[in-house]
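Residue numbers in the sequence shown follow the numbering used here, run continuously in steps of one, and reach 790 at the last position. We treat Cβ as the ideally placed atom computed from N, Cα and C, and that holds for glycine. These numbers come from a predicted model, not from an experiment.
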Amino acid sequence: MIDRSFSETDLREMLEVATNYRPDAHSGRWIIEATHTNVKWEVVVEPEDTEQKLIVVTAYPLSS
727 MIDRSFSETD
737 LREMLEVATN
747 YRPDAHSGRW
757 IIEATHTNVK
767 WEVVVEPEDT
777 EQKLIVVTAY
787 PLSS
């Protein structure tokens with residue numbers, strides 16, 4: 727996360743205010759659309775059903 731200039735708290739805030747989501751090309755993963763510091767981001771997540779957790783695979787800003 728540090729190499730992408732956001733913290734765990736920032737990531738949690740992005741997920742809280744997500745604007746949309748869609749299936750990823752990789753089966754079982756989802757792309758969450760969010761905003762952080764007025765920049766649009768995509769957060770790739772994978773639900774872990776047995777433990778009811780959400781695994782964050784990666785997050786990246788969208789370039790304009």
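Under DSSP, the beta strand (DSSP E) around residue i begins and ends at which residues?
i, result
"Thr784", "Lys779 to Pro787"
"Thr763", "Looking at the DSSP string, Thr763 is not in any beta strand (DSSP E), and its letter there is neither H nor E."
Just to confirm the assignment, what range does the alpha helix (DSSP H) spanning residue i have?
i, result
"Arg738", "Glu734 to Glu742"
Can you check DSSP and say which residues form a bridge with residue i?
i, result
"Arg748", "Ile757"
Using C-beta distances below 6 Å, list every residue in its chain close to residue i, excluding the 5 sequence neighbours before and after it, in chain order.
i, result
"Thr784", "Val770"
Tell me which same chain residues have a C-beta within less than 7 Å of the C-beta of residue i, skipping the five on either side of it?
i, result
"Asn746", "Glu759"
"Ile781", "Val771, Glu772 and Glu774"
Review point. Three or more beta-carbon pairs under 8 Å between the region 745-753 and the region 773-781, yes or no?
Key: No contact exists between the region 745-753 and the region 773-781.
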